[in-house]
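Asks: Going line by line, the protein sequences match chains A and B.
First residue of the first sequence? That's 1 in full-length UniProt numbering, and the numbers climb one at a time after it.
First residue of the second sequence? That's 1 in full-length UniProt numbering, and the numbers climb one at a time after it.
The structure under discussion is supplied below as structure tokens; questions concerning it will follow.
Number of protein chains: 2
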Amino acid sequence: MAINDLSKDLAPISSNTMADIVEIKLREYLKKKSFRPGDALPKELELAEALGISRNVLREALSRLRMLGMIETKKKRGMILARPDILGSFERVLDPLIIDNNTLQDIFELRLVLEMGLADLLYIRKTDKDVEELENIAKKEAKLDESFRIKSEIAFHGKLYDMTGNDTLKRFQIMLMPIFDYVLTQEKKPIRGKVNHMDLVQILKTGTKEDFKIGMQAHLQPHFDRINKIKTNK
Amino acid sequence: MAINDLSKDLAPISSNTMADIVEIKLREYLKKKSFRPGDALPKELELAEALGISRNVLREALSRLRMLGMIETKKKRGMILARPDILGSFERVLDPLIIDNNTLQDIFELRLVLEMGLADLLYIRKTDKDVEELENIAKKEAKLDESFRIKSEIAFHGKLYDMTGNDTLKRFQIMLMPIFDYVLTQEKKPIRGKVNHMDLVQILKTGTKEDFKIGMQAHLQPHFDRINKIKTNK
DNA sequence: ACATTTGATATGTAGTACATAAATACTAAA
DNA sequence: TTTAGTATTTATGTACTACATATCAAATGT
């Protein structure tokens, strides 16, 4: 545990390059001046001069903010503050091959937590049409051979997130999926809970929120069993 | 809803600037060559030449990857691929003042979902020591006046995430907190559930996982009520 | 009054030059 | 031969200049 007490406790050391510093300074500047999306920013030369740096360094810092979607620029209009896509930056970094194993496991668990917590929102927002569509997905499943099983798995759980009416949550789930899959493929054999998709649909149709929670728990039980097994390894 | 079918369906249009394109190309390059953390990258001049661009543009793209923690550079050693901090980039963008209201609401709900889903992980990992510490937090609470109530609220729920032993989850919660608070302060009066922190501690001590889920639901009920109210507005 | 041209301007890209830090090679002393 | 210290080399970091390009705005012509 204790990821990095060391690096936390004892130093940002030297805030590396100028671009790093300028990036921070720009952030502070935008905050202090309480710019709002759409507001125009000073032009590059003015900023560079004010900061006492070359336009080059400034542009490296601006490039970062631009990537995050915090600013937008047009040829003559100059720069304006924009609304960043909060998940966009996150998405850029989510590559299972780069992330270390501990974090992969963390994210796997994170998705389980989400899945377990969906029920309340789901029961607030679900519609009959939603449930019907979900049922169709589950029905088709029976006819599919194993190779298409994964696709259906994704479709089903994706639809669940869909039904919460929470776009951010939905996107978040989509982004986490590759990692979820990756961790699973590290496992030997596919695991299946005692409650299947069709069962869950039935609960959604006639059961209570509490029923659904219990059902989902049973559905994901194999994953929790696995976590229990490696619990000590952490 | 359908956030933006339009922008999704019909175009990234022109991937704006060179830096944008180079950023993508570099990403593809790193992936295709399946570089691993620690591997050395070609030097700037070589990359720039290979891409047929100025070193300037290249550095703008590199600056982005460096910000995300995907690469690290040292004066003579050159560049190496690094492990990005997956939440670091996310953190940079999480400013309640910039995020639009719909997304704020989404994130608020996201945190509720997390909170509701914690139980399973919690019951796998919690220790007596953890519960004891949690109890201390809840006990102190009684003596505090209203102004310190928020701090304790944070400490209590933070400790819950702590107890899951999932560092990523914990950090995620910390990052989401300002937004959670922000949305709450938009409300008139502070809301309080029928189950308080001390009750939750008692459940953790002697109750089952299911008891805890029910308890947490009751604790958060006011928030869900609020969601139910604005359900139609979406 | 309207359409077209022209100019001004802010960002985008390229290229050169030099500073700086760090690894390597080299030199001189023990 | 070893070791300490110095010089050299090299890749990144920073600065500056020049020009391309797109767009807004004013000037011009019909």
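For glycine and all other residues, C-beta sits at the position ideal for the given N, C-alpha and C.
1. To the nearest angstrom, how far is it from the Cα of Leu30/B to the Cα of Ser63/B?
2. Candidates Leu160/B, Arg59/B and Lys126/B: which alpha carbon is nearest Ile137/B's?
3. Compare the Cα-Cα distances from Thr168/A to each of Thr73/A, Val57/A, Gly88/A and Gln221/A and report the closest residue.
4. Compare the C-alpha of Thr164/A against each of Arg149/A, Glu187/A, Leu41/A and Glu115/A and name the closest.
5. Who does Glu28/A pair with in a DSSP beta bridge?
6. Flag this pair as touching only if the region 100-117 of chain B and the region 211-222 of chain B have three or more C-beta atom pairs under 8 Å; answer yes or no.
7. Can you name, in chain order, every residue of its own chain whose Cβ lies under 7 Å from the Cβ of Gly193/A, other than the five neighbours on each side?
8. Between Thr208/B and the rest of its own chain, which residues show a CB-CB distance below 7 Å, the 5 nearest in sequence each way excluded?
9. Between which two residues does the alpha helix (DSSP H) containing Glu91/A stretch?
10. With contact counted as at least three CB pairs below 8 Å, one residue from each stretch, are the region 99-108 of chain B and the region 175-183 of chain B in contact?
11. Skipping 5 residues on each side, what residues in its chain have a beta carbon closer than 6 Å to that of Lys229/A?
12. With a cut-off of 9 Å, does the C-beta of Leu6/A fall near any C-beta of chain B?
13. Which residues, in order along the region 161-182 of chain B, keep a beta-carbon less than 8 Å from a beta-carbon of chain A?
14. Consider the Cβ of Ala61/A: report whether some Cβ of chain B lies at a distance smaller than 9 Å.
15. Check distances from the C-beta atoms of the region 109-123 of chain A to those of chain B and list, in chain order, the residues that come in under 9 Å.
16. Strictly under 9 Å for the Cβ-Cβ distance: is Gln202/B near chain A by that measure?
17. So what does DSSP say about Leu68/A, is it helix, strand or coil?
18. Below 8 Å on the Cβ atoms is my contact criterion, and I expect Ile80/A with Asp39/A to pass it. Report the Cβ-Cβ distance as a whole number of Å.
19. Based on DSSP bridge pairs, tell me the residues matched to Lys76/A.
20. Assuming contact is defined by CB atoms lying nearer than 9 Å, are Glu135/B and Met198/B in contact in what I supplied?
21. For Phe156/A, return the contacting residues in chain B, with the cut-off set at a CB-CB distance below 9 Å.
22. Hey, could you find the ends of the alpha helix (DSSP H) Ala82/A is sitting in?
23. Is Thr206/A close to chain B? Criterion is C-beta to C-beta, closer than 9 Å.
24. Ile71/A and Ala82/A look like a contact to me (Cβ under 8 Å); what is the Cβ gap, rounded to whole Å?
25. From what residue to what residue does the alpha helix (DSSP H) around Ile150/A run?
26. At 8 Å on the CB atoms, spell out the chain B contacts of Ser89/A, in chain order.
27. Distance cutoff 9 Å, beta carbons only. Does Glu133/B sit that close to anything in chain A?
28. Just list the residues that DSSP pairs Ala119/A with in beta bridges.
29. So if DSSP puts Ala142/B in a beta bridge, which residue, or which two residues, is it bridged to?
30. Mind checking whether Ile227/B and Leu112/B have CB atoms under 9 Å apart?
31. Could you check the C-alpha separation between Leu68/A and Ala19/B for me, to the nearest Å?
32. Got a sec? Which residues, its chain only, sit under 7 Å from Lys205/B by beta carbon, not counting five neighbours each side?
33. Flag Lys194/B as yes if its beta-carbon sits less than 9 Å from any beta-carbon of chain A, otherwise no.
34. Buried or exposed for Phe108/A, going by 16 or more other Cβ atoms inside 10 Å?
35. If we ignore side chains and look at the alpha-carbon of each, how far apart do Asp120/A and Asp225/B end up?
36. Using 8 Å as the cut-off, classify the Cβ of Gly69/A as near or not near the heavy atoms of the ligand HEM, replying yes or no.
Replies: Taking the geometry as given:
1. Looking up residue 30/B in the second sequence gives position 30. Looking up residue 63/B in the second sequence gives position 63. Each residue's Cα considered, the two are about 15 Å apart.
2. The residue labelled residue 137/B in the question sits at position 137 within the second sequence. Nearest option by C-alpha distance: Leu160/B.
3. Working through the first sequence from its first residue, we reach residue 168/A at position 168. Of the candidates Thr73/A, Val57/A, Gly88/A and Gln221/A, the one whose C-alpha sits nearest the C-alpha of Thr168/A is Gly88/A.
4. As a position in the first sequence, residue 164/A is number 164, starting the count at 1. Ranking the options by Cα distance to Thr164/A, first place goes to Glu115/A.
5. Taking the first sequence and counting its residues from 1, the one referred to as residue 28/A is at position 28. Glu28/A is not bridged to any residue.
6. yes
7. On the first sequence, residue 193/A is found 193 positions in, with the first residue counted as 1. Cβ within range, chain order: Ala218, His219, Leu220, Gln221 and Pro222.
8. For the purposes of this step, residue 208/B is taken as the residue at position 208 of the second sequence. Counting only Cβ-Cβ distances below 7 Å, and skipping sequence neighbours, we find nothing.
9. As a position in the first sequence, residue 91/A is number 91, starting the count at 1. Unbroken alpha helix (DSSP H) run through Glu91/A: Gly88 to Val93.
10. yes
11. By one-based count along the first sequence, residue 229/A stands at place 229. Excluding sequence neighbours, Lys229/A sits near nothing in its chain.
12. If you number the first sequence from 1, residue 6/A lands on position 6. Confidence in Leu6/A is poor, its pLDDT being 38 and thus under 50, which makes the residue's placement unreliable; the coordinate value appears in the next sentence. No, Leu6/A lies away from the interface with chain B (no Cβ there is under 9 Å from its Cβ).
13. Thr164, Gly165, Asn166, Asp167, Thr168, Leu169 and Phe172
14. Taking the first sequence and counting its residues from 1, the one referred to as residue 61/A is at position 61. Yes, contact with chain B.
15. Glu109, Leu110, Leu112, Val113, Leu114, Glu115, Met116, Gly117, Leu118, Ala119, Asp120 and Leu121
16. Position 202 of the second sequence, counting from 1, holds the residue named residue 202/B. It does not: the Cβ of Gln202/B has no partner Cβ on chain A nearer than 9 Å.
17. Position 68 of the first sequence, counting from 1, holds the residue named residue 68/A. Here Leu68/A sits in coil by DSSP.
18. As a position in the first sequence, residue 80/A is number 80, starting the count at 1. As a position in the first sequence, residue 39/A is number 39, starting the count at 1. About 6 Å separates the two Cβ atoms, so the contact holds.
19. Counting from one through the first sequence, the residue named residue 76/A turns up at place 76. Looking at the DSSP assignment, Lys76/A forms no beta bridge with any residue, so it has no partner.
20. The count along the second sequence starts at 1 and reaches residue 135/B at position 135. The count along the second sequence starts at 1 and reaches residue 198/B at position 198. Yes; because the gap between Cβ atoms is below 9 Å, this pair is in contact.
21. The residue given as residue 156/A occupies position 156 in the first sequence. Neighbours of Phe156/A on chain B: none; closest Cβ ~18 Å, over 9 Å.
22. Along the first sequence, one-based indexing puts residue 82/A at 82. It is not in any alpha helix (DSSP H) - Ala82/A carries neither H nor E in the DSSP assignment.
23. Numbered from 1 along the first sequence, position 206 holds the residue referred to as residue 206/A. No, Thr206/A does not count as interfacial toward chain B.
24. Counted from its first residue, the first sequence places residue 71/A at position 71. Counted from its first residue, the first sequence places residue 82/A at position 82. That pair is a contact at about 6 Å.
25. Start at 1 with the first residue of the first sequence, and residue 150/A comes out as number 150. Glu146 to Met163 is the span of the alpha helix (DSSP H), which, as asked, contains Ile150/A.
26. As a first step, residue 89/A must be located in the first sequence, where it is residue number 89. Ordered by position in chain B, the residues that pass the 8 Å Cβ test against Ser89/A are Leu68, Ser89, Phe90, Arg92 and Val93.
27. Translated into positions along the second sequence, residue 133/B becomes position 133. Cβ-Cβ to chain A under 9 Å: no for Glu133/B.
28. Position 119 of the first sequence, counted from the first residue, corresponds to residue 119/A. DSSP, once it has assigned bridges, lists no residue as partnering Ala119/A.
29. In the second sequence, counting from the first residue as 1, residue 142/B sits at position 142. DSSP output for Ala142/B lists no bridge partner at all.
30. In the second sequence, the residue the question calls residue 227/B occupies position 227. In the second sequence, the residue the question calls residue 112/B occupies position 112. In this structure, Leu112/B lies closer than 9 Å to Ile227/B by Cβ.
31. Translated into the one-based positions of the first sequence, residue 68/A becomes position 68. Translated into the one-based positions of the second sequence, residue 19/B becomes position 19. Rounded to the nearest angstrom, the two C-alpha atoms are 13 Å apart.
32. Translated into the one-based positions of the second sequence, residue 205/B becomes position 205. Only Val131 meet the Cβ criterion.
33. Here residue 194/B refers to the residue found at position 194 when the second sequence is read from its first residue. Chain A contact via Cβ: absent.
34. Position 108 of the first sequence, counting from 1, holds the residue named residue 108/A. Phe108/A comes out buried.
35. As a first step, residue 120/A must be located in the first sequence, where it is residue number 120. As a first step, residue 225/B must be located in the second sequence, where it is residue number 225. Between Asp120/A and Asp225/B, the C-alpha separation is close to 11 Å.
36. This structure lacks the ligand HEM; in fact it carries no ligand of any kind.
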